[in-house]
Structures are given as C-alpha cells and as structure tokens.
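**Q** Would you mind keeping the following structure in view while I ask a few things?
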Amino acid sequence: MTSTPQVPIYTLPTASLHPPPYQNMSLPAEYPSIASTLPTQNQPLWEWSARVRFNKHELGSSFTVCLFLGEPPKNPEEWLTASNFAGAHHAFVAGGGYGRRRGPGGDTGEGFVNLNSAIVRLSKLNTLDPEAIEPYLKSELQWRVQKTDTTPAELQSLEIVVFATPLTYPPGSMFPVPGERRRYSSITFGKKGGCREEDLGGI
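full-length UniProt numbering puts the first residue of the sequence shown at 1, with every later residue one more than the last.
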C-alpha cells in the first residue's frame, strides 16, 4: 500500500506578531548598506523612476529607449548588456499606421523605468535619499534610442523626466505605502530628450 505524501501547511504571519516584510528582507552582497534605508514609519525608502514619453509613430517602426548610469558603449549592439545599463522602455509600433488611435494624444507613447536597482548597484552612495540621488542622476543618467535591428536613432519627440516616490510603513501596515510622487525636472532639463520644463510642478 502506497502512502500519501504529506503536504506541508503554511500559515501567514499577522501584523501584530511579525515585522513588515521589508524588515526581514535579505539583500545581495553588492547592497551592503542599503538595508539601513528600508522604510519605517518615519524614514521613507525612495523609489526612483524615469518617465519615457514620445510620439510612437515618429520613427515608423518599433524601437527601444535605453537608459544608462554613465557613458554607454560606443557599439549599440552592446547597449542592452552593458554593465551600466539601467533599464529600457520598448515601443512596439505596428507597420502602416495600423493600430493608431485617433483623437488627442493618440500618437503619444509612455512608460516608466525603475532606476533603484541600477542606482544601488552602480552609485556606491548607500542611500536612495533625494539629497544624494538627485545630483548623482543629473550627472550620470544618459539615454540612447535604437531600432529593432540595433541601429541608433534620433527621436525628436522624446522626453525623459525623473520622479521619486517615498515609501513608508504606517503602524500595523503589512506593505509599504507610497506617498506623493515628486518630479525632479532638473535632472534631465537642458539635455536632448530631457525634461522640457525646469519647474517642479505637474506630472
């Protein structure tokens, strides 16, 4: 007679007995000091992202906007595998105008690229606080556009704007709660394909 294998039973921790998930988080060795910045009620963890906005029909084909922290490789075939590659947004465009939406904003494509992982891996700043990250990104953040065959392209409608959102743990919360998203226009303002407005208002 074959015995039926026993299936382990797991119970979920309760907020009153266990700390929030971030407080038990294990981090890779290359993130030595970032654990001290994990969110608490009074000390937020900042989540950084770049908004990528463009006219998706400008190039007439699909393309990718690649982001880097530092100078990208000269060879575009190495962009997506570069050591300082921070992320990318892929724009998939149907040929012949098929799928184009009509009306205001119908040609506009948009996406967000999270920058936290690359910042922690490459900056050696051991913090995600705006006082340190804003000047770092202003100095290091770069981008390039390439078509599906890796050919570099110029995207005149491109606008990249950086945002940061504070994450905190209110009392009794099991998950981080996002605060008001802040726009850091100065990081990309004045650069080709960067923010077109220097003020901090709007989204």
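Don't be surprised by glycine CBs; every beta carbon is placed ideally from N, CA and C.
Report the CB separation of I160 from V93 in whole angstroms; it is logged as a contact under 8 Å.
**A** The count along the sequence shown starts at 1 and reaches residue 160 at position 160. The count along the sequence shown starts at 1 and reaches residue 93 at position 93. Contact doesn't hold; Cβ gap of about 19 Å is too wide.
**Q** To which residues of the same chain is E71 closer than 7 Å at the C-beta, ignoring the five residues directly before and after it?
**A** Taking the sequence shown and counting its residues from 1, one reaches residue 71 at position 71. Excluding residues within five positions, the ones whose Cβ falls inside 7 Å are Q142.
**Q** Determine the burial state of P135: buried for a count of at least 16 other Cβ atoms within 10 Å of its Cβ, exposed for fewer.
**A** Reading the sequence shown from its first residue, position 135 is the one you call residue 135. With fewer than 16 Cβ atoms within 10 Å of its Cβ, P135 is classed as exposed.
**Q** Does DSSP put E110 in a helix, a strand or coil?
**A** One-based indexing of the sequence shown puts residue 110 at position 110. Note: E110 maps to strand in three-state DSSP.
**Q** Take every Cβ of the region 181–189, pair it with every Cβ of the region 153–170, and state whether three or more of those distances are shorter than 8 Å.
**A** Segments in contact, yes.
**Q** Excluding five sequence neighbours on each side, which residues of the same chain lie with their C-beta closer than 7 Å to the C-beta of A153?
**A** The residue given as residue 153 occupies position 153 in the sequence shown. Excluding positions up to five away in sequence, the list reads L59, F63, V145, Q146 and K147.
**Q** Round the Cβ separation of F68 and A50 to the nearest angstrom and send it over; I've been treating them as touching at under 8 Å.
**A** On the sequence shown, position 68 is the one that residue 68 refers to. On the sequence shown, position 50 is the one that residue 50 refers to. At roughly 11 Å, the Cβ-Cβ gap does not stay under 8 Å, so F68 and A50 are not in contact.
**Q** What does W48 pair with, by DSSP beta-bridge criteria?
**A** Locating residue 48 in the sequence shown gives position 48, counting from the first residue. In the DSSP output, where bridge partners are listed per residue, W48 has A164.
**Q** Measuring alpha carbon to alpha carbon, tell me which residue in W48, T108, T150 and K138 is nearest P73.
**A** Counting from 1 along the sequence shown, the entry for residue 73 is found at position 73. Comparing Cα positions, the closest option is T150.
**Q** Can the beta-carbon of W48 be found closer than 8 Å to that of C66?
**A** Working through the sequence shown from its first residue, we reach residue 48 at position 48. Working through the sequence shown from its first residue, we reach residue 66 at position 66. Not closer than 8 Å, so no.
**Q** Excluding the five sequence neighbours on either side, which residues of its own chain have a C-beta within less than 7 Å of the C-beta of S36, listed in chain order?
**A** Stepping through the sequence shown from its first residue, residue 36 is reached at position 36. The predicted model places S36 with a pLDDT of 49, which falls under 50 and marks its position as unreliable; any figure quoted below should be read in that light. Result list for S36: empty, nothing under 7 Å.
**Q** For P44, which residues in the same chain have their Cβ closer than 7 Å to its Cβ, ignoring the five residues on either side in sequence?
**A** Counting from one through the sequence shown, the residue named residue 44 turns up at place 44. Answer for P44: P166, L167, T168 and G179, listed in chain order.
**Q** Consult DSSP for Y169 and reduce its assignment to one of helix, strand or coil.
**A** In the sequence shown, counting from the first residue as 1, residue 169 sits at position 169. The answer is coil: DSSP assigns Y169 none of H, G, I, E or B.
**Q** For R102, which residues of its own chain have a beta-carbon under 6 Å away from its beta-carbon, when the five flanking residues on both sides are left out?
**A** Against the sequence shown, residue 102 aligns to sequence position 102. Any reading at R102 must be qualified, since the residue scores a pLDDT of 41, below 50, and its modelled position is unreliable; the value itself is stated next. Counting only Cβ-Cβ distances below 6 Å, and skipping sequence neighbours, we find nothing.
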